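**Student:** Those sequence lines, one after another, are chains Z and D.
Numbering follows our numbering, with no gaps: position 132 of the first sequence is 132.
Numbering follows our numbering, with no gaps: position 177 of the second sequence is 1177.
Beta carbons are placed, not taken as given, at the ideal position from N, Cα and C, and that holds for glycine.
Bear in mind the structure is a predicted one, so any value in this text is a computation, not a measurement.
Got a structure for you, written out below as C-alpha cells; questions coming shortly.
Number of protein chains: 2
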Amino acid sequence: MPEIITVGIVEDSAPFRIGLREFINASDDVRCVCTYPDGTAALADLPAQAPHVVLMDLQLPDCSGIECTRRLKAALPGTQFMIFTVHEDSERIFQALTAGASGYLLKRTPPDGILAAIRDLHRGGAPMSSEIARKVVQHFRPQPARPAPESHGLSPRQEEILKLLAQGHVPKEIADKLGITIETVRSYLKLIYQKLHVRTRTEAVIKYFG
Amino acid sequence: MPEIITVGIVEDSAPFRIGLREFINASDDVRCVCTYPDGTAALADLPAQAPHVVLMDLQLPDCSGIECTRRLKAALPGTQFMIFTVHEDSERIFQALTAGASGYLLKRTPPDGILAAIRDLHRGGAPMSSEIARKVVQHFRPQPARPAPESHGLSPRQEEILKLLAQGHVPKEIADKLGITIETVRSYLKLIYQKLHVRTRTEAVIKYFG
DNA sequence: TCTCCCCACCCCCAATTGGGGGTATGGCCA
DNA sequence: TGGCCATACCCCCAATTGGGGGTGGGGAGA
C-alpha cells in the first residue's frame, strides 16, 4: 500500500490552478491538499499544511515564485519543491535551483508527465523537462577549471581513515571498523596531520570538506 | 517518417554489450552501428562512424570512460554522449558532465528507459536517472543549506563558538579570540554537544557543515 | 640488491578533551 | 517576585589526543 503523496499548488491563474488540482485528485496516490493564488497566501498557510510536494508557478502577482520557494524551503526543509512555469531561461532555472527547488517542469508538460514528476520528486529524484535538464548539464561545461583533484598525496589507507574521521568517528571506532589497533590508527593520524598541515582531527575534517 | 538514430556502444562486458545492441536493434527507430570493448578501439574507429549517440561505460579496461568521452567529444562535437554505468558518486558524475556527456544513466535502468533516454538525448534532452538528477541539482547550490541556523537552537554565543570550531580553532584559541577563559569555552562546548547530539568537536563541525 | 613506501604495531609523556559537578550575574517575562 | 535562560567562571577526573620515538613485513622500483 503506497503512501499518499500530498501536494500544494501555488499558481495565480485560477482555471489552471483548479484544473491541476482536479487532475491530480483524480489519481490514486496523489492528493492536492491546498492551493494558493499568490505568494503571501502560500507563505501564511502552507507551512501548516506541510505537503510532501509543492508545485510552484514562477509568475506570481505579489512576489516571485523563486523568493517564495526560498522562504518556504527554509520553513519546510523536508518538502520538495517543483517549479512549474513557462519560463526556460537559464538565469531563472539556476536561481530556482539555488532557492531550494529540486524539480523544474515546463507548463507544456502533459498531465501524465506532471503526475510522474510528482512521484519521482517524492521518491528523491529531480524531475526536469528535457530542455531544462540540458541547460543544467550545459552549465557544467564552461567550467573546465577543475580545482585541485585530490592533491593531498594520501595513501589509500590514509584516505580511508580520513573519510571515517569525516563521518564523525573517533579513533577507537575507526580501529574497530577497520579491524586494526588504535595505535595503528594513531600512527596514521599523525601522518595525515603532517601531510595536510593540520594539528587536530577537526582541522583535518575541515580540510577534507573544503 | 522519423530519422533513424544511430548509436555506438563502448562497454567492456561482452554479454552486456551484445545484449544491449540486440535490444536496441529490435526497435524501429534506433540502430546500433558499432560497438567497442575498450577505449582504445573506440578512439580508433568511432570518429569514422560518427553515430548520433554514444553509450559509454565508465569502467573500461584501458582508460576511464570519462577520459574517453572527453577525447571523442572533441573529435565529434555533434555526437551526444550518454554515460551508462553503475557508479553514482558525485565526483564521477561531474567529471563526466564536464567531459562532454549530456546524459547519465545507471545500469539498473530498464531497457525501455534506455531507448527512451536515447531518443530524448537525440532530441536535445539530457536524460538522467533520478538519483543522478538529484545529485546534479543538489551540487548546483553550493551553499544553500546555510539558512537553517536556528534549527539546532543554539544561542548567539554558542553559535559563535561553533563557527570558530568550524574554522579549525582549538578551544584555547577560541578563548583567546573571544577574550574569555578556556573554562567558559569548555562549558559552552558541553552545551553545544548536548544540543547537537554529538560527542566531539569533529562531529559538531560535521553537523555544522552538513 | 637495496632502497623507499605502505601497512601495522608498540612505548612514553604532556596536554587536552569530555563529562560530571558547582557558583554568580544579569536580562526577560509572566 | 520568582523562574528561566544566557553568559561566564571554577574544580575534579578518567580518557583521549597529539607528538616523539621505535619495530617489522611486504611490495614496487632502481
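With a floor of 4 residues, list each alpha helix (DSSP H) that falls wholly inside the region 127-201 of chain Z, ordered by position along the chain.
**Tutor:** With a minimum length of 4 residues, the continuous alpha helix (DSSP H) runs that stay inside the region 127-201 of chain Z are 130-138, 156-166, 171-178, 182-196.
**Student:** Short of 9 Å Cβ to Cβ, which residues in the region 1190-1208 of chain D face chain Z?
**Tutor:** Within the region 1190-1208 of chain D, the qualifying residues are 1198, 1199, 1200, 1201, 1202, 1203, 1204, 1205, 1206, 1207.
**Student:** DSSP has residue 1101 (chain D) in a bridge; who is on the other side?
**Tutor:** Paired residue(s): D:1081.
**Student:** Could you name the residues of the region 148-179 of chain Z whose beta carbon sits closer than 8 Å to any beta carbon of chain D, in the order they occur along the chain?
**Tutor:** Listed in sequence order: 165, 166, 167, 168, 170.
**Student:** From residue 21 (chain Z) to residue 1127 (chain D), what does the alpha carbon distance come to, in whole angstroms?
**Tutor:** Going by the C-alpha atoms only, they are around 28 Å apart.
**Student:** Which value, in whole angstroms, describes the spacing of the CA atoms of residue 157 (chain Z) and residue 184 (chain Z)?
**Tutor:** Cα to Cα, the separation comes out at about 11 Å.
**Student:** Determine contact between the region 1167-1177 of chain D and the region 161-168 of chain Z, defined as no fewer than three beta-carbon pairs at a distance below 8 Å.
**Tutor:** Output reads no: the region 161-168 of chain Z does not touch the region 1167-1177 of chain D.
**Student:** Which chain D residues are close to residue 140 (chain Z), counting only those with a beta carbon under 7 Å from its beta carbon?
**Tutor:** Result: 1094, 1097, 1098.
**Student:** From D:1107, D:1187, D:1177, D:1098, pick the residue whose C-alpha is nearest to that of residue 136 (chain Z); which is it?
**Tutor:** With distances taken between Cα atoms, residue 136 (chain Z) lies closest to D:1098.
**Student:** Would you kindly work out how many angstroms separate the C-alpha atoms of residue 1145 (chain D) and residue 13 (chain Z), rounded to a whole number?
**Tutor:** Residue confidence for residue 1145 (chain D) is low, a pLDDT of 40 falling below 50, so the modelled location carries little weight; the figure read from the coordinates is stated next. So the two alpha carbons sit approximately 31 Å from each other.
**Student:** Measuring only the C-alpha atoms, how far is residue 1095 (chain D) from residue 1205 (chain D)?
**Tutor:** Computed Cα separation, rounded: 28 Å.
**Student:** Hey, how far is the Cα of residue 88 (chain Z) from the Cα of residue 131 (chain Z)?
**Tutor:** Using only the alpha carbons, I get a separation of about 8 Å.
**Student:** Does the contact criterion of 3 or more C-beta pairs under 8 Å hold for the region 1110-1121 of chain D versus the region 114-121 of chain Z?
**Tutor:** Contact fails: fewer than three Cβ-Cβ distances are below 8 Å.
**Student:** Residue 1102 (chain D) and residue 1081 (chain D): beta carbons closer than 8 Å?
**Tutor:** In contact: residue 1102 (chain D) and residue 1081 (chain D) (Cβ atoms closer than 8 Å).
**Student:** Could you check if residue 1061 (chain D) is buried or exposed, using at least 16 other CB atoms within 10 Å of its CB as the buried criterion?
**Tutor:** When all chains shown are included, residue 1061 (chain D) counts as exposed.
**Student:** Identify, in the order they occur along the chain, each residue of the same chain with its Cβ nearer than 6 Å to the Cβ of residue 1052 (chain D), setting aside the five sequence neighbours on each side.
**Tutor:** So the qualifying residues of the chain are 1005, 1006, 1122.
**Student:** In angstroms with no decimal places, state the Cα-to-Cα distance between residue 1044 (chain D) and residue 1054 (chain D).
**Tutor:** Rounded to the nearest angstrom, the two C-alpha atoms are 14 Å apart.
**Student:** Could you please tell me which residues of the region 1111-1127 of chain D, in chain order, have their CB closer than 8 Å to any CB of chain Z?
**Tutor:** Within the region 1111-1127 of chain D, the qualifying residues are 1120, 1123, 1124, 1125, 1126, 1127.
**Student:** In the DSSP assignment, find the alpha helix (DSSP H) that holds residue 68 (chain Z) and state where it starts and stops.
**Tutor:** Note, residue 68 (chain Z): alpha helix (DSSP H), 65-75.
**Student:** Any idea what DSSP makes of residue 1017 (chain D), helix, strand or coil?
**Tutor:** Note: residue 1017 (chain D) maps to helix in three-state DSSP.
**Student:** Would you say residue 1134 (chain D) faces chain Z, with C-beta separation under 8 Å as the test?
**Tutor:** Yes, residue 1134 (chain D) counts as interfacial toward chain Z.
**Student:** Cβ of residue 86 (chain Z) less than 8 Å from any chain D Cβ?
**Tutor:** Output row for residue 86 (chain Z): interface = no.
**Student:** Can you tell me whether residue 115 (chain Z) is helix, strand or coil according to DSSP?
**Tutor:** Residue 115 (chain Z) falls in the helix class under three-state DSSP.
**Student:** Could you work out which residues of chain D lie near residue 90 (chain Z), taking near to mean beta carbons separated by less than 9 Å?
**Tutor:** What residue 90 (chain Z) touches in chain D: nothing, since even the nearest Cβ is about 12 Å away.
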